[in-house]
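J.: Listed in order, the protein sequences are those of chains A and B.
Under this note's numbering, the residue at position 87 of the first sequence is numbered 211, and the numbers go up by one with no gaps.
Under this note's numbering, the residue at position 45 of the second sequence is numbered 169, and the numbers go up by one with no gaps.
Ideal Cβ placement from N, Cα and C applies to all residues, glycine included.
Protein chains: 2
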Amino acid sequence: MNQSKRYLDIVRDIRDMIRQEKIKPGDRIPSERELAETMQVGRSTLREALRSLELLGLIETRRGEGTFLSDYRNHKLVEVLSTFVLQDNQSHEDVWQTRQIHEMAAIQEICQNEAASQMKIWDSFRLRLEGESFQREDFVRELMVLSGNRLSLKIWFLLKQYSGNPYDGTVSSEEIDRMNDILTAIERQDADTAIRGFKAWSEWLQKERIRNGNYS
Amino acid sequence: MNQSKRYLDIVRDIRDMIRQEKIKPGDRIPSERELAETMQVGRSTLREALRSLELLGLIETRRGEGTFLSDYRNHKLVEVLSTFVLQDNQSHEDVWQTRQIHEMAAIQEICQNEAASQMKIWDSFRLRLEGESFQREDFVRELMVLSGNRLSLKIWFLLKQYSGNPYDGTVSSEEIDRMNDILTAIERQDADTAIRGFKAWSEWLQKERIRNGNYS
DNA sequence: AGGATATGAGTGGCCAGACCACTTTCAAAA
DNA sequence: TTTTGAAAGTGGTCTGGCCACTCATATCCT
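1) Are there 16 or more other CB atoms within 10 angstroms of the CB of A/T191, so buried, or fewer, so exposed?
2) Please report how far the alpha carbon of A/E172 lies from the alpha carbon of A/Y131, in whole angstroms.
3) What would DSSP say about A/L193, mapped onto helix, strand or coil?
4) Please list the segments of the alpha helix (DSSP H) lying wholly inside the segment 243 to 278 of chain B, counting only runs of 4 or more residues, in order along the chain.
5) Round the Cβ separation of B/H226 and B/W280 to the nearest angstrom and send it over; I've been treating them as touching at under 8 Å.
6) Grab me the residues of A/A324's own chain with a C-beta within less than 8 Å of its C-beta, minus the 5 sequence neighbours each way, in chain order.
7) Determine, using beta carbons only, whether A/T160 comes closer than 7 Å to chain B.
8) Indicate whether A/I334 and A/A318 have their beta-carbon atoms separated by less than 7 Å.
9) With a threshold of 7 Å between beta-carbons, can B/T191 be considered close to chain A, or not?
10) Taking A/E156 as part of the alpha helix (DSSP H), name the residues at either end of that continuous run.
11) Along the chain, where does the alpha helix (DSSP H) containing A/E299 start, and where does it finish?
12) Would the segment 247 to 257 of chain A and the segment 282 to 293 of chain A be scored as touching if the rule is three or more Cβ pairs under 8 Å?
13) Within 10 Å of its beta-carbon, does B/W220 have 16 or more other beta-carbons around it, so buried, or fewer, so exposed?
14) Does the beta-carbon distance from A/T222 to B/L275 come in below 7 Å?
15) For B/L177 and B/I147, which I take to be in contact (beta-carbon distance under 8 Å), what is that distance rounded to the nearest angstrom?
16) Step through the CB atoms of chain B and report whether any lies within less than 7 Å of the CB of A/S257.
17) Output the boundary residues of the alpha helix (DSSP H) element that contains A/I142.
18) Counting only beta-carbon atoms, is B/D314 nearer than 7 Å to chain A?
19) Using a C-beta to C-beta distance shorter than 9 Å, which residues of chain B count as neighbours of A/T222?
20) Going by the C-beta, is A/A173 closer than 6 Å to any heavy atom of the ligand FAD?
21) Looking at C-alpha atoms only, which residue of B/S271, B/G321, B/T185, B/S287 is the closest neighbour of B/G150?
22) For the beta strand (DSSP E) that A/I183 lies in, which residues bound it at each end?
23) Name, in chain order, the residues that DSSP records as bridge partners for A/I153.
24) For A/K331, is the classification buried or exposed, using 16 other Cβ atoms within 10 angstroms of its Cβ as the cut-off for buried?
25) Find out if the Cβ-Cβ distance for the pair B/A230, B/S271 is shorter than 7 Å.
26) If you measure between the beta carbons of A/D218 and B/N273, is that distance less than 7 Å?
27) Is it buried or exposed, B/S341, if we count other Cβ atoms within 10 angstroms and call 16 or more buried?
28) Does DSSP classify A/N126 as helix, strand or coil?
29) Tell me which same chain residues have a C-beta within less than 7 Å of the C-beta of A/E310, skipping the five on either side of it?
30) Let me know the secondary structure DSSP gives A/V219 once reduced to three states.
31) Considering only the alpha carbon of each residue, which of A/E145, A/E189, A/R260, A/N237 lies closest to A/S297?
32) Compute the Euclidean distance between the alpha carbons of A/R139 and B/E238, then round it to the nearest angstrom.
Here it is in structure tokens:
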């Protein structure tokens, strides 16, 4: 039954302990030496379990202080994904396309969300849009955030970097018009128009980058 | 300067080594003692790195044999992260939603692809569908593959496990009808209908799972 | 008395060496 | 030729130690 992989049992034990002792994110968990003794296991074995959990972002260790439970929401799923999903020669096209998938899904989600249309964020959004040196990336990131899907946001952020930061730079006056149209459509919860407008802007931007020689 | 944890450097070094030495999944990597010596670190430290990689499913260790580059299956990542993280409803919802985003994007992509509608795959697809013990997962995976986006496919595969393998089990006759409708719509390149049908099936499936007590 | 300083306990980071359990290999024995 | 078994190699684990760092406390000096 329990053949090999002691450290996996420890991972489970630690999880159970966290549940039972009601340890919350930010709280300190017992020291390595203490845990090793209560779990009847060598310190090195225990450390293997702890380091694994640390790599996943589930715990945080500070030398001289101790080990702390980190916020679950900061788990490294996406980062881990990137290390071995994006590791091999991934076609640029796939990365680009996947990023767009998340962007359009975000717009779709915002439009379907009743609450979003009621919010007063859109006016302030437009104000910042008109302001000095508004970054292209801010526009898209804002949409991703508003979709409310944090996982999608994280994936998007990584893909954005992998596809050569396609939104570098500030918006031109022409783009402001495009963005305004997109925002208007979103306000009306007209997802189709909004997505169509977004896609058009995205393609326009891509051509612009190529013309300026900004290959990724 | 380099006060970053040693074991993290090792994780990176091993990853680089795998790339440079062109080690493929299934291949054996040097023994722990050997690696420890070439990297000038203690064996226990090296093991911390290896166990972390193992928990992620990147490598696989067999006692008495050695350590092997994994073929990406059976990551404990899913198991560990889900038990730790998914106590949070929002995270759970995000995973579920993000997976659906990729699924629907795949359908959309297939419909927009001219070549796909010309292919003769649909007939054979239907044949297998009618066959004995057709797995739900096969249906969705096939769609993901046909979309041609390998990155999206990989992400989907992980998210699927992460959301409790929602497509476990074989299809019922009712589901076959639903799937046929979806395929027909795709053949006609009618993305809206196909996606609507897919979403309906997905929701039906979810209710079915809850009724049977198959919580993830 | 009050602020700076030294000290010591506690912690994680790391290492060396030692067994054990297991799989493979290959030569010796049947 | 087949079987057996010993040796080498590997991962799994434990022990004990030392280092670097943090923090609270006690101590010292002004």
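T.: In terms of the structure at hand:
1) buried
2) 6 Å
3) strand
4) 245 to 254, 260 to 270
5) 5 Å
6) R302
7) Sequence inspection shows Ala at residue 160 of chain A; the Thr mentioned does not correspond to that position. Output row for A/A160: interface = no.
8) no
9) no
10) 156 to 162
11) 297 to 311
12) no
13) buried
14) yes
15) Not quite, the Cβ-Cβ distance comes to about 13 Å (not below 8 Å), so this is no contact.
16) no
17) 130 to 144
18) no
19) H226, A229, N273, L275, S276, I279
20) What this structure holds is no ligand at all, so the ligand FAD is not there to describe.
21) B/T185
22) 183 to 186
23) A/T191
24) exposed
25) yes
26) yes
27) No statement about residue 341 of chain B is possible, as the shown extent of chain B runs from 125 to 340 and does not include it.
28) Reliability fails at A/N126, whose pLDDT of 48 lies under 50, so the model's placement of it is uncertain and the value that follows must be treated cautiously. A/N126 falls in the coil class under three-state DSSP.
29) The residue you asked about is not Glu; residue 310 of chain A is Ile in the sequence shown. Excluding sequence neighbours, A/I310 sits near I231, I234, C235, A318.
30) helix
31) A/R260
32) 50 Å
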